[in-house]
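Residue numbers (our numbering), protein chains in the order written: chain A, 1 to 291; chain B, 1 to 505; chain C, 1 to 314.
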């Protein structure tokens with residue numbers, strides 16, 4: 001993960017969505033990011049209906065044809081239409097990004113909550129494990145997990161999710177620790193409210209903002225990691241379309257058929273950039289200190 | 001205007017001149033390899049790429065020429081006894097090792113025994129027919145064999161016949177610093193980066209070698225290797241991808257040299273390894289396997305994936321081998337394939353799990369196959385696996401069909417025995433046919449070329465009926481060379497031989 | 001201060017154990033046998049069986065782990081199964097390469113990041129601000145392996161300005177060394193510059209709003225001087241701590257760049273070793289990277305505390 005957010009923002013009342021939205025919309029980059037993400041999400045969703053050709057079916061008559069009126073972005077080494085494969089590849093990338101991050105959040109956030117709230121020896125163990133995972137080079141962890149589970153998209157998502165989990169755990173823990181001593185939390189404990197209730201009703205909503213920001217940035221990172229894994233031969237397997245795998249095969253034809261490299265690379269770039277801009281914009285919008 | 005050059009201004013110029021002249025005096029040949037060789041000890045080496053280094057650094061008892069005929073190496077001449085169980089070799093005199101030791105029959109004995117007894121030696125099976133080695137004169141050595149072995153001489157042209165300096169080998173760490181007797185001696189090695197050799201001044205045939213230094217640069221990525229060649233950072237590289245041949249031919253600074261290799265790629269079918277995957281129509285009925293083979297258009301694979309540079313295959317012996325059996329490669333016949341499947345009582349679509357290595361070329365071929373055979377009603381379920389896992393699954397029988405190749409050996413036995421004989425070490429599909437075993441065994445024992453050819457032809461014909469291994473294509477050996485290099489001759493075994501090579505400035 | 005350092009060092013020990021245990025078990029769970037994988041075509045079952053015995057590969061996994069730990073504590077990290085070279089030696093030969101690449105990448109990242117961050121802070125809210133942010137983010141969003149291959153195609157093959165791959169040690173030929181490192185450092189550095197740029201910007205904005213800056217401005221010093229002398233110097237403080245953190249990440253993160261540019265550093269070695277099931281090498285490298293990462297974290301915390309006494313309570 002190349003961008004991590006270790007920010008400790010003060011608690012934000014959830015009764016100000018309008019203010020957040022207005023701040024967001026004023027930020028041009030954020031809006032561009034949102035548009036990019038929505039566009040690719042739409043393309044991914046509608047892929048089965050808007051793809052002009054079958055993305056998997058090989059066509060030996062049309063091998064590596066340059067972009068033309070028939071194939072807007074050209075064809076690949078097996079004669080498949082690149083535009084169609086880009087649409088279907090969007091499904092792969094977005095799914096990989098979102099599912100990985102969901103896995104990371106589902107495991108990481110509860111761990112962080114537990115560690116930050118109860119502290120003590122639980123915190124000790126969880127923090128050690130998280131630190132150990134963070135000390136291991138992220139991509140290596142993903143590669144080893146991917147190799148262990150076997151090359152497939154599902155396993156790649158699990159591998160990426162597990163590798164990204166520590167960041168969410170640490171972020172959540174930091175957030176929880178910063179607010180657990182606030183008065184309303186202490187008051188709730190004094191009254192005798194059960195911890196679980198406090199966690200769910202008071203703590204969790206207030207750690208959501210930085211998690212949301214981190215999630216968006218993590219999706220961006222996960223998409224690149226999935227592409228990297230596919231590039232190394234783990235991850236989405238042919239003949240299903242994956243931008244990373246498309247780049248990997250395109251390498252052998254860099255000069256003869258440059259369109260095979262350019263378009264998937266651009267697709268990855270635009271999608272990831274969209275998520276990064278979106279995450280940035282969310283962070284600025286949600287931060288009460290910026291104006 | 002007075003012009004008085006200062007001494008300090010002269011110094012850089014002087015330095016430049018000296019370095020330039022020094023650089024000019026030493027010529028270096030830079031060779032690109034597709035992978036970093038493993039250990040540089042012929043006893044434990046197992047990569048194809050290590051053989052490039054051995055070729056430049058060491059000498060073998062015998063060698064092969066361009067046409068894969070055996071020619072003298074460290075042995076001047078040799079004779080077999082009539083029963084084939086004794087091999088007498090007369091050795092070349094006046095040869096010294098890189099550390100000054102003298103080469104003689106005792107050195108040969110030392111090396112062969114080392115290959116036979118060293119714990120990690122991978123040459124044992126190659127020299128399995130050797131019972132003992134005897135020194136009968138300072139430059140004469142006698143091999144006593146347990147059985148006649150037609151393939152032995154060929155084995156001695158490779159690592160099993162490579163002679164290391166006995167004293168240096170006995171005391172030192174061979175893999176770190178091998179001491180041989182070849183035209184170039186070992187200087188240094190940086191893992192994954194380079195292997196540097198320099199000219200051995202006491203080499204008996206010095207005049208044929210025109211470089212002072214040879215540097216091997218392992219660069220796994222074919223496009224980066226080519227980029228290096230085009231940028232002038234490499235003089236020769238092996239392993240030019242089929243898709244890059246047009247680029248090399250179109251570059252005025254480069255030349256292309258290619259030859260049909262000895263290696264092949266095929267589909268190994270699990271017909272008898274374990275019980276998990278052998279209860280299928282594919283494993284039990286030869287007609288299903290024949291249908292599979294008929295559903296494949298080998299020419300199309302060649303065109304689509306390899307731009308026509310490869311050669312369709314129906315046997316283990318490539319056209320470069322004298323043992324290539326003259327049996328035409330079957331053309332694709334979907335109707336016949338469908339008929340065979342129906343005869344075998346198979347309900348289409350028939351699904352087959354197909355194990356494939358996860359490199360781009362194999363993936364491409366696999367996808368082309370998938371598209372082709374689907375028309376005959378066969379569904380290939382591609383399982384891309386990384387190398388270590390693939391080998392594991394093949395060995396344990398956890399596969400139905402696997403795409404696997406062989407880099408090829410000059411002697412036909414090396415291309416087929418281990419794969420098809422019942423107890424063959426590389427027979428992962430566990431194919432077993434007593435007739436084939438017998439023919440293969442006989443071919444090992446006789447040195448008569450005509451006899452061997454006939455025997456192997458029978459094996460090939462039987463293979464095309466049983467189809468335990470569906471051959472796809474033979475791989476060429478394609479080299480990219482700078483225009484400045486002259487005298488390059490491609491050998492079918494793919495190794496680069498430095499004799500006669502020269503660099504024009 | 002000393003207490004902080006000691007506490008962190010002590011807590012680093014169980015972390016290191018955990019890391020090695022994790023990586024070890026993961027590797028052992030990977031299907032495939034390293035000896036077979038390495039034997040490749042030359043598989044001789046008898047030799048393979050015997051080699052497995054020799055390397056204790058048939059022992060139960062926990063005992064293999066403790067065997068490794070025992071040796072490691074004595075400074076013996078085992079040997080590479082592939083090449084028989086001692087792991088420590090392998091690491092020692094690759095460490096300078098990775099360190100150099102990391103340092104160069106860091107320099108690139110600092111130059112681009114700080115410049116853009118200052119530009120953005122000074123022109124806050126304008127298109128320059130948005131533009132630099134966009135550019136910085138692009139550094140993260142572009143797939144390194146794609147950018148790398150494209151750059152090689154252009155700078156090496158087309159223009160012949162830089163070598164296409166490979167590495168020459170600095171001691172051997174400084175100029176060539178820098179040439180080989182330029183492209184991979186640039187690719188890695190642009191990726192890092194985004195984070196640096198953003199933090200510089202944030203830090204600069206905070207500092208520029210501070211009272212003493214306004215005083216300096218009121219005194220009539222030129223705006224440019226104000227920025228450079230006072231603001232930047234103070235803004236650099238959090239940057240330094242961030243740099244140490246990122247450096248730790250860099251140590252293990254150059255995997256793909258090294259693959260594409262064929263730089264013989266850690267990244268490439270570790271990926272190859274995972275695929276070759278070369279256990280000892282992976283263990284050794286992960287250990288070194290983990291130690292480096294933990295040390296850098298410690299350094300960052302120390303620096304932060306030195307600068308900001310208010311944080312000492314945490």
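Every residue gets a Cβ at the ideal spot worked out from N, C-alpha and C, and that includes glycine.
- If you check each beta-carbon in the region 106-138 of chain B against every beta-carbon of chain C, the ones closer than 8 angstroms belong to 119, 120, 121, 122, 124, 125.
- Between the alpha carbons of residue 280 of chain B and residue 415 of chain B lies a gap of roughly 28 angstroms.
- Residue 33 of chain B and residue 156 of chain B have their C-alpha atoms some 24 angstroms from each other.
- By the CB criterion at 8 angstroms, residue 41 of chain B and residue 178 of chain B fall inside the cutoff.
- Of all residues in the region 24-49 of chain C, only 26, 27, 29, 30, 31, 32 come within less than 9 angstroms of chain A when Cβ atoms are compared, listed by chain position.
- Residues of chain C with a Cβ closer than 8 angstroms to the Cβ of residue 34 of chain A do not exist; the shortest Cβ-Cβ separation is about 14 angstroms.
- According to the DSSP assignment, residue 63 of chain C belongs to the alpha helix (DSSP H) that extends over 61-73.
- The DSSP-derived three-state label of residue 209 of chain B is coil.
- Chain-order list of chain C residues neighbouring residue 256 of chain A: empty, with the shortest C-beta distance near 12 angstroms, by a criterion of under 7 angstroms.
- Under the DSSP definition of a beta bridge, residue 352 of chain B partners with B:380.
- Between residue 105 of chain C and chain A, the shortest Cβ-Cβ separation is not below 8 angstroms.
- Beta-bridge pairing by DSSP links residue 29 of chain B to B:214.
- Using a CB distance below 9 angstroms, the part of the region 406-438 of chain B facing chain C consists of 406, 407, 418, 425, 426, ordered along the chain.
- Boundaries for residue 98 of chain C: no beta strand (DSSP E) harbours it, while the alpha helix (DSSP H) harbouring it runs 87-122, taken from the DSSP string.
- Around the beta carbon of residue 69 of chain A, fewer than 16 other beta carbons lie within 10 angstroms, which makes this residue exposed.
- Between residue 19 of chain C and residue 280 of chain C the beta-carbon gap is near 15 angstroms, outside 8 angstroms, which marks them as no contact.
- At a cut-off of 8 angstroms between C-beta atoms, residue 235 of chain B does not count as an interface residue with respect to chain C.
- Against residue 63 of chain A, the close residues of chain B are 304, in the order they occur along the chain (beta-carbon pairs closer than 8 angstroms).
- When the five nearest sequence neighbours on each side are left out, the beta carbons in the same chain lying within less than 8 angstroms of the beta carbon of residue 21 of chain A are those of 285, in order along the chain.
- About 4 angstroms separates the Cβ atoms of residue 113 of chain C and residue 193 of chain C, confirming a contact at the 8 angstroms cut-off.
- Residue 401 of chain B is bridged by DSSP to B:269, B:354.
- In the pairwise beta carbon analysis, the region 266-280 of chain B is classified as not touching the region 474-489 of chain B: fewer than three pairs are separated by under 8 angstroms.
- Just measuring C-alpha positions, the residue of A:77, A:174, A:87, A:107 sitting nearest residue 362 of chain B is A:77.
- As DSSP reads the structure, residue 75 of chain B sits in a beta bridge with B:91.
- Using a CB distance below 8 angstroms, the part of the region 263-283 of chain C facing chain B consists of 264, 268, 269, 272, 275, 276, 277, ordered along the chain.
- Residue environment: residue 396 of chain B is assigned as exposed (fewer than 16 neighbouring CB atoms within 10 Å of its CB, all protein chains considered).
- Per DSSP, residue 168 of chain A is one residue of the alpha helix (DSSP H) stretching across 153-179.
- The Cβ neighbour count for residue 491 of chain B, taken over all protein chains shown within 10 Å, is at least 16; the residue is labelled buried.
- In terms of Cβ geometry, residue 205 of chain C and residue 121 of chain C form a close pair [threshold 8 angstroms].
- What residue 250 of chain B touches in chain C, judged by beta-carbon distance under 7 angstroms, is nothing: the nearest beta carbon there is about 13 angstroms away.
- Each residue's CA atom was taken as its position, placing residue 44 of chain A and residue 179 of chain A some 39 angstroms apart.
- Closest in alpha carbon position to residue 283 of chain C, among C:259, C:14, C:65, is C:65.
- Per DSSP, the continuous beta strand (DSSP E) segment holding residue 134 of chain B begins and ends at 130-137.
- Listed along chain C, no residue sits closer than 9 angstroms to residue 255 of chain B by beta-carbon distance, the nearest being about 17 angstroms off.
- Residues of chain C whose Cβ lies closer than 8 angstroms to the Cβ of residue 196 of chain B do not exist, since the nearest Cβ in that chain is about 11 angstroms away.
- Of the candidates C:42, C:13, C:23, C:7, the residue whose Cα lies closest to the Cα of residue 418 of chain B is C:42.
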